[in-house]
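Peer 1: Provided herewith is a single structure, encoded as structure tokens, for subsequent inquiry.
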Amino acid sequence: MSDGFEFGLERMFADSPAMGDSELFAARVMDKLDRGWTARRFVIGAMGVAGGMVGAYQVISTDAVGHLQALGVQSNAYLNQHLGEVIPTGLAPNGIGLDLQTLMMIGALAIAAAGFGLVRLIREI
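Numbering (the working numbering), first residue to last: 2 to 126.
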């Protein structure tokens with residue numbers, strides 16, 4: 002007896018009757034969804050700007066830039082000291098130092114080349 006009731010209940014929910022004001026209800030819902038997007042965008046943008054300013058103030062107040070520059074100088078000295086021992090002097094042209102910035106640029110160019118190759122491969126597929 003319970004199986005018949007469950008099947009009947011499922012059938013009633015599957016074939017629900019259309020309400021007389023369904024178009025009005027849909028219009029009201031769409032009205033509520035479309036309303037206020039300009040204000041929401043403005044609030045979200047303002048909060049993003051405020052958060053960015055707070056983050057920039059924190060970075061500047063902690064002297065993070067100076068600390069990073071000091072670390073960069075230390076790493077360049079370390080690389081020059083140890084790469085000079087490993088790499089023969091005739092390998093690099095005169096006047097071109099092999100430091101961290103040069104190695105970072107080589108790595109960035111390699112990543113860019115791999116990205117271009119990947120895009121080309123995707124286009125071919």
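Ideal Cβ placement from N, Cα and C applies to all residues, glycine included. Since we're looking at a predicted model, the values are computed, not measured.
Counting Cβ pairs closer than 8 Å, one from the segment 66 to 85 and one from the segment 99 to 119, do we hit at least three?
Peer 2: Contact between the segment 66 to 85 and the segment 99 to 119 is present, because at least three Cβ pairs lie under 8 Å.
Peer 1: Give me the Cα-Cα distance between M13 and F26, rounded to the nearest whole angstrom.
Peer 2: The sequence position of residue 13 within the sequence shown is 12, counting from 1. The sequence position of residue 26 within the sequence shown is 25, counting from 1. Distance between the alpha carbons of M13 and F26 is about 22 Å.
Peer 1: In this structure, how does DSSP classify R36 when only helix, strand and coil are distinguished?
Peer 2: Stepping through the sequence shown from its first residue, residue 36 is reached at position 35. Coil, per DSSP.
Peer 1: To the nearest angstrom, report how far apart V66 and V60 are at their CA atoms.
Peer 2: Here residue 66 refers to the residue found at position 65 when the sequence shown is read from its first residue. Here residue 60 refers to the residue found at position 59 when the sequence shown is read from its first residue. Rounded to whole angstroms, V66 to V60 spans 8 Å at the Cα level.
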